[in-house]
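Peer 1: Protein chains in written order, with this note's numbering: chain A, 16 to 172; chain B, 16 to 172; chain C, 16 to 172.
Have a look at this one before I ask anything.
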Amino acid sequence: MECWSNGGRMKLGKLLLSVLILTYARPGLAQELKKEFIEPQPHDSRSTAVKVKGGTMLFLAGHTASQPRPDADLGNFDAQFRATFDKIKNTLTKAGGSLDDIVSMGVYLTDLRYVPEFSKLAKELFKKGFPAVTYVEVSHLARPQSLMEIQPIAVIP
Amino acid sequence: MECWSNGGRMKLGKLLLSVLILTYARPGLAQELKKEFIEPQPHDSRSTAVKVKGGTMLFLAGHTASQPRPDADLGNFDAQFRATFDKIKNTLTKAGGSLDDIVSMGVYLTDLRYVPEFSKLAKELFKKGFPAVTYVEVSHLARPQSLMEIQPIAVIP
Amino acid sequence: MECWSNGGRMKLGKLLLSVLILTYARPGLAQELKKEFIEPQPHDSRSTAVKVKGGTMLFLAGHTASQPRPDADLGNFDAQFRATFDKIKNTLTKAGGSLDDIVSMGVYLTDLRYVPEFSKLAKELFKKGFPAVTYVEVSHLARPQSLMEIQPIAVIP
């Protein structure tokens with residue numbers, strides 16, 4: 016009988032162990048990032064919406080081009096674009112993420128006629144899916160040479 | 016004694032079952048959406064803030080009126096409002112949500128004197144509570160006919 | 016033997032109790048807010064990014080100065096700043112939070128030359144870390160006297 020009793024207890028013990036493993040393995044699963052791009056518009060380099068559950072949120076400050084590339088300040092839109100996204104990439108890396116983690120982007124331009132150029136350049140940046148983008152024309156940006164300011168929100172796995 | 020021992024084990028088994036049920040029923044509860052409208056201002060069709068815990072986030076691109084309603088482009092604010100929110104509703108539906116899931120809205124207008132009209136029209140849209148709205152006047156929107164661009168964030172249950 | 020058996024059951028019972036305690040104490044831990052300031056720039060009173068996991072999100076409407084301080088409307092930037100943040104603080108308090116819970120701030124100014132003044136005043140507000148700030152100049156704000164409108168996102172523990 017002791018043997019039986021012991022066996023029963025062992026079964027119970029194993030079951031309990033399974034509960035422990037399942038319970039403490041689950042938090043990781045529960046918070047795992049799920050991301051879905053709603054109505055991606057590849058020709059516009061943006062999605063109509065991006066749906067996200069879980070993950071870690073990263074709110075970025077408005078990013079503009081600055082010192083690293085002197086030509087970025089001379090009215091060259093392409094150079095400013097690259098310098099701005101180099102800085103964004105740098106910030107994302109420091110936070111443990113990458114450009115593909117951007118889910119939303121407020122794009123403030125001093126002239127909206129740059130939108131097609133912006134969109135063409137953005138196509139090269141995002142490999143896994145396009146963020147939800149809002150283009151707005153503003154009268155001025157913080158530095159008089161700035162042609163664009165980008166305010167991204169990212170969700171990191 | 017075996018009987019007692021068995022009975023004891025059964026009690027333990029039932030307790031274990033309860034733990035299992037409670038544990039695996041809980042994740043749904045833990046991530047369930049809780050939403051609270053802080054200082055709703057029904058006369059302005061907006062809340063001072065919206066508090067949310069859990070749920071699935073949906074970042075929408077800036078939405079404007081377009082082709083579906085030709086009159087929406089002829090300087091008719093009401094028609095543009097309806098065409099814009101039809102598109103937003105459409106995006107939300109594709110993502111599994113509805114207008115009532117909007118928690119925050121950036122409203123970019125080419126003329127802020129439209130705010131009272133916007134607010135009046137918005138009153139009909141939101142049945143469960145008003146989002147946190149920010150009105151900003153911008154010099155231009157992506158298309159010259161656009162009078163408004165809306166950038167919503169929604170949280171879907 | 017009964018004693019041993021009973022002892023074994025007690026051990027199992029205690030183990031089960033530990034599982035119960037750990038399991039139901041954990042949700043709080045799993046959703047506990049983790050916040051990290053990426054590249055804080057104290058001289059600019061802002062961080063390059065703010066990383067957050069867990070917590071309760073609070074989306075605030077655009078806040079401006081209004082009635083409470085009549086002098087806030089007379090073109091006095093400092094007075095408007097204080098009146099605006101008094102209102103933001105009030106909203107945060109009603110939602111169970113404080114100024115230090117702000118992670119992101121869209122700052123809409125009618126003249127970007129106020130940025131250094133804004134930054135100087137903001138230094139006094141944030142004691143634990145600076146939010147990710149985006150400064151944008153807009154042509155008008157909802158009321159003609161407004162010099163600034165602030166759209167914060169907070170994450171409350």
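For every residue, glycine included, the Cβ atom is placed at its ideal position computed from N, Cα and C.
(1) Which word fits A/E164, buried or exposed, when buried means at least 16 other C-beta atoms lie within 10 angstroms of its C-beta?
(2) By alpha-carbon positions, which one of A/L156, A/V153, A/G121 and A/A76 ends up nearest to B/P167?
(3) For C/G69 and C/I171, which I take to be in contact (beta-carbon distance under 8 Å), what is that distance rounded to the nearest angstrom?
(4) Nearest CA to the CA of C/G112: which residue from B/P57, B/F92, B/I117 and B/A64?
(5) For C/K143, which residues of its own chain have a beta-carbon under 6 Å away from its beta-carbon, when the five flanking residues on both sides are left out?
(6) What is the rounded straight-line gap between the Cα of B/L124 and the Cα of C/H78?
(7) With a threshold of 8 Å between beta-carbons, can C/T63 be considered close to chain A, or not?
(8) Taking the continuous beta strand (DSSP E) assigned at A/S62, which residues delimit it?
(9) Who are the Cβ neighbours of C/L140 in its own chain at under 7 Å, not counting the five residues just before and after it?
(10) Does A/E139 get closer than 8 Å to chain B when you measure Cβ to Cβ?
(11) Give every residue of the same chain whose Cβ lies closer than 8 Å to the Cβ of C/V129, excluding the five residues on either side of it in the sequence, and list them in chain order.
(12) Buried or exposed: C/T108, going by 16 or more other Cβ atoms within 10 Å of its Cβ?
(13) Determine the contact status of B/K138 and B/S62, defining contact as a CB-CB distance below 8 Å.
(14) So what's C/P146 in DSSP terms, helix, strand or just coil?
(15) For the alpha helix (DSSP H) that contains C/F100, what are its first and last residues?
(16) Determine whether the Cβ of B/S81 lies closer than 8 Å to any Cβ atom of chain C.
(17) Give the straight-line distance between the Cα atoms of A/P159 and C/Q46, rounded to the nearest whole angstrom.
(18) Less than 8 Å between CB atoms is the rule here; does B/I171 satisfy it with respect to chain C?
(19) What whole-angstrom Cβ distance do C/G169 and C/L48 have, given they're in contact under 8 Å?
(20) Shortest alpha-carbon distance to C/K50 belongs to which of C/F96, C/S119 and C/K102?
(21) In the DSSP assignment, find the unbroken beta strand (DSSP E) run with B/V118 in it and report its ends.
(22) Under 7 Å Cβ-Cβ, which residues of chain C neighbour A/Q166?
(23) Could you check the C-alpha separation between C/K66 and C/V148 for me, to the nearest Å?
(24) Taking C-alpha atoms, which residue in C/M72, C/F145 and C/E132 lies nearest to C/P57?
(25) If the criterion is Cβ atoms closer than 8 Å, does the pair B/L127 and C/H155 meet it?
(26) Spell out whether any CB of chain B is found under 8 Å from the CB atom of A/G43.
(27) Below 8 Å between beta carbons: does that hold for B/I117 and C/A110?
Peer 2: According to the structure shown:
(1) Taking the first residue of the first sequence as 1, we reach residue 164 of chain A at position 149. It is buried - the Cβ of A/E164 has at least 16 other Cβ atoms within 10 Å.
(2) To locate residue 167 of chain B, count along the second sequence from 1; it is residue 152. The shortest Cα separation from B/P167 among A/L156, A/V153, A/G121 and A/A76 belongs to A/G121.
(3) By one-based count along the third sequence, residue 69 of chain C stands at place 54. By one-based count along the third sequence, residue 171 of chain C stands at place 156. No, C/G69 and C/I171 are not in contact; Cβ-Cβ is about 10 Å, not under 8 Å.
(4) Locating residue 112 of chain C in the third sequence gives position 97, counting from the first residue. Selected option, being the one with the closest Cα: B/A64.
(5) For the purposes of this step, residue 143 of chain C is taken as the residue at position 128 of the third sequence. The answer, listed in chain order, is D115.
(6) In the second sequence, residue 124 of chain B corresponds to position 109, counting from 1. In the third sequence, residue 78 of chain C corresponds to position 63, counting from 1. Whole-angstrom Cα-Cα distance: 17 Å.
(7) For the purposes of this step, residue 63 of chain C is taken as the residue at position 48 of the third sequence. Taking Cβ atoms only, chain A reaches closer than 8 Å to C/T63, which makes this a yes.
(8) As a working note, residue 62 of chain A is residue 47 in the first sequence. Its beta strand (DSSP E) spans residues R61 to K68.
(9) In the third sequence, counting from the first residue as 1, residue 140 of chain C sits at position 125. Closer than 7 Å at the Cβ level, and outside the excluded window around C/L140, lie F100 and L114.
(10) One-based indexing of the first sequence puts residue 139 of chain A at position 124. Chain B places no beta carbon closer than 8 Å to that of A/E139, leaving this residue out of the contacts.
(11) Along the third sequence, one-based indexing puts residue 129 of chain C at 114. A small correction: the amino acid at residue 129 of chain C is Tyr; Val does not occupy that position in the sequence shown. F92, L162 and M163, listed in sequence order.
(12) Counted from its first residue, the third sequence places residue 108 of chain C at position 93. Under this definition C/T108 is an exposed residue.
(13) Residue numbering aside, residue 138 of chain B sits at position 123 when the second sequence is read from its first letter. Residue numbering aside, residue 62 of chain B sits at position 47 when the second sequence is read from its first letter. No.
(14) Against the third sequence, residue 146 of chain C aligns to sequence position 131. Coil.
(15) Here residue 100 of chain C corresponds to residue number 85 of the third sequence, with the count starting at 1. Here the alpha helix (DSSP H) through C/F100 covers F92 to K109.
(16) Position 66 of the second sequence holds residue 81 of chain B. Cβ-Cβ to chain C under 8 Å: no for B/S81.
(17) On the first sequence, position 144 is the one that residue 159 of chain A refers to. On the third sequence, position 31 is the one that residue 46 of chain C refers to. So the alpha carbons of these two residues sit roughly 43 Å apart.
(18) As a position in the second sequence, residue 171 of chain B is number 156, starting the count at 1. Not one chain C Cβ lies under 8 Å of B/I171.
(19) In the third sequence, counting from the first residue as 1, residue 169 of chain C sits at position 154. In the third sequence, counting from the first residue as 1, residue 48 of chain C sits at position 33. A quick correction: the sequence has Ala, not Gly, at residue 169 of chain C. Not a contact, Cβ separation roughly 11 Å.
(20) Within the third sequence, the letter at position 35 stands for residue 50 of chain C. Cα-wise, what sits closest to C/K50 is C/S119.
(21) On the second sequence, position 103 is the one that residue 118 of chain B refers to. I117 to L124 is the extent of the beta strand (DSSP E) around B/V118.
(22) The sequence position of residue 166 of chain A within the first sequence is 151, counting from 1. Within chain C, the residues near A/Q166 are T149.
(23) Your numbering for residue 66 of chain C matches position 51 in the third sequence. Your numbering for residue 148 of chain C matches position 133 in the third sequence. Spanning the two alpha carbons is a distance of roughly 13 Å.
(24) Position 42 of the third sequence, counted from the start, is the residue given in the question as residue 57 of chain C. Of the candidates C/M72, C/F145 and C/E132, the one whose C-alpha sits nearest the C-alpha of C/P57 is C/F145.
(25) Residue 127 of chain B sits at position 112 when you count from the first residue of the second sequence. Residue 155 of chain C sits at position 140 when you count from the first residue of the third sequence. The answer is yes: Cβ separation under 8 Å.
(26) Your numbering for residue 43 of chain A matches position 28 in the first sequence. Per-residue confidence for A/G43 stands at a pLDDT of 43, beneath the threshold of 50, marking its modelled position as unreliable; no derived number is given.
(27) On the second sequence, residue 117 of chain B is found 102 positions in, with the first residue counted as 1. On the third sequence, residue 110 of chain C is found 95 positions in, with the first residue counted as 1. No; because the gap between Cβ atoms is not below 8 Å, this pair is not in contact.
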